[in-house]
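So the sequence shown is numbered by my numbering: it starts at 65 and just counts up by one.
Yeah, the Cβ is synthetic: ideal placement off N, Cα and C, and Gly gets one too.
Model, not experiment: these values are computed from the prediction.
These notes are about the structure you will find just below.
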Amino acid sequence: EGLDHVKAFVVRYKIGEDEQLASHFDNAEVTLNINIGRRFEGGELAFFGLRSEPRPPPPFYHDWEDEGVGYAVLHRGQELHCALPISDGERLNLVIWMRSAAWRQSCGCPMCGSTARFLT
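Below you can see the structure in the form of structure tokens.
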């Protein structure tokens, strides 16, 4: 039991290209989002609470400008979140999704809650 699958990818936000990412859940039990570079302004992460919460808390904002390259945010996949638009430059982040087949079989998919079909 525990985390038994990992998916890693790089996301890039750049003016005139992908500047933001709409609100979503991750297809992971746990997500690690690491600032891997470039100069940028804006692009904060906004968190809106867990999918299962009947009354979500007020939004929480993580400002990447407060830290430098190598800093990361760890959060649950079922936390509704988005990347706000960058206002200048280019932002690169390494995103690592960590998954657990045992958790999904007992608790369901972090995106939809279903235990009928799930991806590992």
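Going by beta carbon distance, what residues of the same chain come within less than 7 angstroms of residue 126, once the five residues before and after it are set aside? 108, 109, 137
Quick check: residue 69 and residue 175, are their CB atoms within less than 9 angstroms of each other? no
Check for me: the beta strand (DSSP E) holding residue 147 runs from which residue to which? 143-147
Would you mind stating whether residue 133 and residue 75 have Cβ atoms separated by less than 9 angstroms? no
Report yes if the CB atom of residue 86 is closer than 9 angstroms to the CB atom of residue 146, and no otherwise. yes
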